[in-house]
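Taking it in order: structure first as structure tokens, then the write-up.
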Amino acid sequence: TIYDMCKAVDKAMEIGAIHLAEKTGGKSGHFINPKEQGGEQA
16 TIYDMCKAVD KAMEIGAIHL AEKTGGKSGH FINPKEQGGE QA
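Sequence positions in the sequence shown follow this note's numbering and run 16 to 57.
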């Protein structure tokens, strides 16, 4: 995970403001977050 990669630098770090932009595969198939359709990049 991202936390595992960064904890050596700062174990007290906080990770926030994360959202799913797009995913493929899996049981639910392809998903694109409607908020990403407006040209905004993550």
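Where a beta carbon is used, it is the ideal one built from N, C-alpha and C, also for glycine.
Asked, Found
"CB of E37 within 8 angstroms of CB of E51, strictly", "yes"
"Contact set for L35: own chain, Cβ-Cβ below 7 angstroms, skip 5 residues either direction", "N48"
"Alpha-carbon to alpha-carbon, F46 and G40", "9 angstroms"
"Between the CA atoms of A32 and C21 - distance to the nearest angstrom", "17 angstroms"
"Residue range of the alpha helix (DSSP H) that includes M20", "I17 to C21"
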